[in-house]
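Residue numbers (this note's numbering), protein chains in the order written: chain X, 1 to 349; chain W, 1001 to 1349; chain F, 2001 to 2349. Glycine residues also receive a C-beta, built at the ideal position from the N, C-alpha and C atoms. Since this is a predicted model, take the numbers as computed values, not measurements. Here's the structure we're looking at; comments come further down.
Structure below.
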C-alpha cells in the first residue's frame, strides 16, 4: 500500500512537473547559411524564416481548449528582428500573436497571423513554403499577390493584423479555413492605385475599402491532396488558387498550383496575373531532393520564369543541412536571369 | 532497500527537474477582442495589458531570496511592442525589469516598474486596474496623475525607470511600500509648465527638480481593506489617494477611492484636481459583474463623469470571456459623451 | 514485475520531462546598481552586461551535436534593449545569434557573436571582462580596438555580424579559435579615414576592404594560462595581444595583458597604440577582491592611465553584491581624472 502511495506521489510530482512545463512551450528554429546571388557579394543569410516562439494550450474540459501563440521573427546573421524588403525591422511578433478557443466546433482565434489562403497553399509548394528566393511561395505560387498593401512598407505579404480566424473541424478529410480583418489602417503609406500622386486612391492612413477576407478548403485523401483558396485584401486585389499533390510512391511526391490575381480595383494597367508552379520532392534515406519550375504572366509585363533545385540532408528530425540553386528571369528589377545559390544549416528547437 | 533507493533516485530526478524549471518561469497573458468606440470604426484591440514575462527566485538560505522579473508588453492585434498614446512603440520590458532581495526585512528591488502608489491603488478600482477605457484606473482613480512626465511622449503613466523599491513585511495586515527614483532624465521632450515655449520650465533633457518619491500603506483585515498613498513626480506634481473595499457578502465586494492631484509647481491654471470612484464586483458562479461610477473635477475645466459596466465569464482559472459598456463625458478631446464597447477573451499562461 | 514496469514507466516519464526541458534553456542575468561618475548626477545603471537568452543542444549521435544560442541584451534601469554609445537601442539579439555543430572536429558556428580575439582575452582581465568603466576590457585591454567600425554608430566593439566561427578541440590544454566575416556592410555611417569628408575612405554603405578575420590561441596548464590573439576589422585596423595568468595560491590569481593596435590603413595620425594591464583577484571566503592598473599609449595623444578596485560578495553561486572604485586619466573627452563608483547586485538565472 505504501509503495502504491509513493508511486502515486511520484507520479503526481512528475505529472505536476509536466503540467507546469506545458503552460508555455518555448520553440523556434535557427537557419543560417552562405548566400550568393547574381550581382551581390557572398553574404551570410537565411533560407527559412527564423522564429523564436511561445505557445501553449489549456484544457478547459468538455473537449474545449484555450490556446495562444506568440512568434518572434529574427535575422540570425545580424541578430536583428526580421528585416522587411525596405530594410526596416518588422514588429516583435511578426510571426503571429493570436489567442483563441478550440473544440468540437473547430478553432476560433483573434489577433495577427498568416491568412488562411497563404497558410494553406504553402503545402502545395515544392520548397515547403520557404521564403528563400530559391522557393516559389512568396511570388509565383500566389501570382504575386500580397495580403498587406496598407501595412508599412516592407511588411511581409502573407499575414493580417486585426483579424479573426475560424477553422472548421476536419470532416472526411475536408477542412475549411476562413479569416476576416477589420478595416483598420495599419500605418502604411499611400497607395496611388487608380488615383494620382496628389490624389492617391488610398491616402496615407486610409482604411480598407472592404473588409479583407480569406477562405481556403483542403481535402486530404491518403496519397492525394487538393486545395482551393480565395482572398481579397484591403485595396480589393483578389487572388484565386487551386493546388494538388500526389504521393506517387513513398519516396516521390508531385505537386502543382495554378493561381490568378485580379488587381482591376487598384490598377490602371498590369491588373491581371496568372501563374503556375509544378514541383516534386524525392526522398532517399536522410536526403530529400526538391525541384520546381513555374511561370508568372502579368498582362503587359515580361513573363517571369523560375527553375529551382534544392537538397536537404537530415542529421536528425530537428536538424538538416541544405543546398539550393535557382534561376529566375523576368524580374522587373532585373529582366535578365538572376541566379541564387545557398548552402547552410537549419536547426529546430 | 533497492526499491527505496530507486524511489529516492527517481525522487531526486524529479526534484532536479523541478529545480531546473524553477530557475526561469515564462508567464504572461494574451487579451484580445472587438472594440467599438464613438467616432471610430470597429477594431480589434485589447482590454487588459498584454504581457510575456520571465521571472524567478533563488533561495539564498536563512529566509533570504534573490528575485528578478522581466516583462514584455505587446499588442496582440498587430504583434508590435505596446504602443503608447503617441502611436510609438514602448521599450521591450515596458512592464518591468527589476532585481532584488527578499527576506524578513521585506523586499528591496532596483530597476523599472510600477510605482508603489499606482501598484496599490489598483486593488480598489472596480475593473481590477485594467488599462481599458472601460476602467477608471488610468484617469479617474488617480485624479489624472502621471508618474512619468519627463519620459518620452507616449510612456505609460504609472511606472518609474531608474528607481529603488522597498516593501515592508506585512505586520498585522499592514504593509508600507515605497520607491524613490534618481533625477536622471529619461529622454522626454520639454515641459513648458510655468515657463514659455522659448524658456520651458523643464527643457528637453532636463533632470527632475526633485527625486520622484512614492509611498503607500495598505491594511487588510478579513473582509475590509484600506489604502492611503502619496506620490510626487519629476516635475513635482503631487497626488494623494485613499481607498477602501469591503467584501459585504462572499459574492459582493464594494470599493471606492478619493484622490487629489496638486500641479501648482508646473501649471499656471487647472492645477488642482479632485476625483472619486465608487464600484462593485458581484460574483455569481463562473460569472462576475463589474460596475463603477466616478467623477474628476479639475478647477477651471469641465467635470469628467464616467459610468462603466462589465461582465467576465471564467472558462477556467486562467481563461475568461468579457464584455464591457462604458460612457464618459467631459474629455478635453471630446466633451460630449464617448461610448466604449468591447467583447473578447483573456488567457493567462 | 509490475513494480519494475511502473518504475520504468515513471523513469521514462521523468526522462521525457527532462528531455522536453533541455530543448530550450532560458537563461540570463540581471545586474543593477547605483553609479556615480565625475560630472554626472547619481544614476541607476549596470556593471555587467544584462542578458536574457535561449539556447539548446541536440545530440545527433556519434559525438555530434547541433547547438544554437540567441541572446537578448537590455538595460534594467529603463527596460529598453541595450543602448549603444550613441544613445540608440541595439538589435534584439545583440548578445549573439548563432547555430552550429560540435563534434570531435571541434565546433563550427554561423551568425553573430563575440569575435574569438575578444572572447579569449576577457579571461585575462581582472574585472572578468565586465563592460563597466571600472573594468579594462573595452578599452585598455584591447588597445582601444573595435571589431565593428562599419556597423551602425553605437554598436558594441567586440562582435561580428555575418561571420563563421571555428573552434578546435582542446588538445593538451591548447585551443585555437578563429572566425571570418563576409564583406557585407552592416549599415554604418561613412568612415573618413585617410580620405576627406567629401571623399571618405569608406563611404556610407561601403563594404569591408578585406574580410574581417580573428584568431586566438589559449593554453591552460593547471595554475597557469596563456593566450595570443590577432584580429583585423573591416577597415583593416589590426590588433595583437598576449595575455597570461597564474593562480599563485588557491586564493590569489595574477594576470596581465599586452596589446598593440595598428590603424595605419585608416588613420593619418594616432595610428599606433600600445597598452598593458596588470591585475589580481584575491578570494577570501564568499568575498573576492579585484584590482587592476593599466596604461594605453597612442602615438601623438595623451597617455591614458587607469586604476580600479572592486569587491564582490557572493550570496550564492548565482547572486553577488559588488562595489567598485576606479580612476581614469587621459580620456580625449576629459583629460583630467574621471572617478567612477558603483554598488549593486548581480543575479544569474
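Among the options, nearest to residue i - alpha-carbon criterion
i                       : options                        : result
residue 333 of chain X  : X:30, X:38, X:235, X:34        : X:38
residue 1045 of chain W : W:1062, W:1274, W:1341         : W:1341
residue 1274 of chain W : W:1058, W:1283, W:1262         : W:1262
residue 2296 of chain F : F:2060, F:2116, F:2136         : F:2136
residue 1073 of chain W : W:1203, W:1307, W:1092         : W:1092
residue 173 of chain X  : X:218, X:95, X:47              : X:218
residue 2150 of chain F : F:2224, F:2119, F:2236, F:2316 : F:2236
residue 1252 of chain W : W:1224, W:1282, W:1226         : W:1282
residue 1047 of chain W : W:1288, W:1032, W:1255, W:1279 : W:1032
residue 2322 of chain F : F:2210, F:2134, F:2227         : F:2134
residue 2284 of chain F : F:2119, F:2160, F:2163, F:2313 : F:2313
residue 2132 of chain F : F:2181, F:2306, F:2315         : F:2306
residue 1064 of chain W : F:2118, F:2269, F:2204, F:2320 : F:2320
residue 1264 of chain W : W:1115, W:1316, W:1232, W:1243 : W:1232
residue 1200 of chain W : W:1266, W:1294, W:1234, W:1023 : W:1266
residue 1170 of chain W : W:1288, W:1130, W:1220         : W:1220
residue 2309 of chain F : F:2339, F:2335, F:2165         : F:2339
residue 2158 of chain F : F:2122, F:2166, F:2128         : F:2122
CA-to-CA distance, residue j to residue i, given in whole angstroms
i                       : j                       : result
residue 2241 of chain F : residue 2066 of chain F : 32 Å
residue 2183 of chain F : residue 41 of chain X   : 8 Å
residue 2238 of chain F : residue 2140 of chain F : 15 Å
residue 2311 of chain F : residue 2084 of chain F : 27 Å
residue 1018 of chain W : residue 1056 of chain W : Only weak support is given to the placement of residue 1018 of chain W: the predicted model assigns it a pLDDT of 34, under 50, and the value that follows is read from those uncertain coordinates. Rounded to the nearest angstrom, the two C-alpha atoms are 13 Å apart.
residue 2347 of chain F : residue 1103 of chain W : 16 Å
residue 206 of chain X  : residue 185 of chain X  : 6 Å
residue 168 of chain X  : residue 259 of chain X  : 24 Å
residue 327 of chain X  : residue 1086 of chain W : 46 Å
residue 187 of chain X  : residue 152 of chain X  : 6 Å
residue 1193 of chain W : residue 1176 of chain W : 32 Å
residue 1279 of chain W : residue 1049 of chain W : 21 Å
residue 1330 of chain W : residue 190 of chain X  : 34 Å
residue 2035 of chain F : residue 2043 of chain F : 5 Å
residue 2163 of chain F : residue 2116 of chain F : 11 Å
residue 2230 of chain F : residue 2130 of chain F : 21 Å
residue 1027 of chain W : residue 1053 of chain W : 5 Å
residue 1290 of chain W : residue 148 of chain X  : 38 Å
residue 14 of chain X   : residue 1025 of chain W : Unreliable placement is indicated for residue 14 of chain X, whose pLDDT of 34 sits below 50; the coordinate value is still reported in the next sentence. Rounded to the nearest angstrom, the two C-alpha atoms are 17 Å apart.
residue 213 of chain X  : residue 204 of chain X  : 22 Å
residue 155 of chain X  : residue 1178 of chain W : 44 Å
residue 112 of chain X  : residue 100 of chain X  : 12 Å
For residue j and residue i, believed in contact at Cβ under 8 Å, the rounded distance
i                       : j                       : result
residue 2318 of chain F : residue 1125 of chain W : Going by Cβ atoms, the distance from residue 2318 of chain F to residue 1125 of chain W rounds to 37 Å, so no, they are not a contact pair.
residue 2276 of chain F : residue 2298 of chain F : Not quite, the Cβ-Cβ distance comes to about 13 Å (not below 8 Å), so this is no contact.
residue 71 of chain X   : residue 96 of chain X   : 5 Å
residue 2023 of chain F : residue 349 of chain X  : 5 Å
Which residues of the region 96-119 of chain X have a Cβ closer than 8 Å to any Cβ of chain W? Give them in chain order. 96, 97, 98, 99, 100, 101, 110, 111, 112
Kindly confirm or deny that the region 1104-1118 of chain W and the region 1073-1083 of chain W touch, where touching means at least three C-beta pairs closer than 8 Å. no
Chain W contacts made by the region 25-40 of chain X, where a contact means CB separation under 7 Å: 26
Any C-beta of chain X within less than 8 Å: which residues of the region 1296-1316 of chain W qualify? 1315, 1316
Determine which residues of the region 196-217 of chain X have a Cβ less than 8 Å from any Cβ of chain W, and write them out in chain order. 207
Given a limit of 8 Å on CB to CB distance, which residues of the region 2244-2257 of chain F reach chain W? Residues are counted here when their Cβ sits less than 8 Å from a Cβ of chain W; for the region 2244-2257 of chain F the count is zero.
For the region 317-343 of chain X, list every residue whose C-beta sits within 8 Å of some C-beta in chain F, in sequence order. Across the region 317-343 of chain X, CB contacts with chain F closer than 8 Å involve 318, 319, in sequence order along the chain.
Residues of the region 2122-2156 of chain F whose Cβ lies closer than 7 Å to any Cβ of chain X, in chain order: none
Select from the region 2045-2061 of chain F all residues with a C-beta closer than 7 Å to any C-beta belonging to chain W, and list them in chain order. 2052
According to a CB-to-CB cut-off of less than 7 Å, which residues of the region 2169-2187 of chain F neighbour chain X? 2182, 2183, 2184, 2186
What are the residues of the region 1078-1098 of chain W that lie near chain X, defined by any Cβ-Cβ distance shorter than 7 Å? 1078, 1079, 1080, 1081
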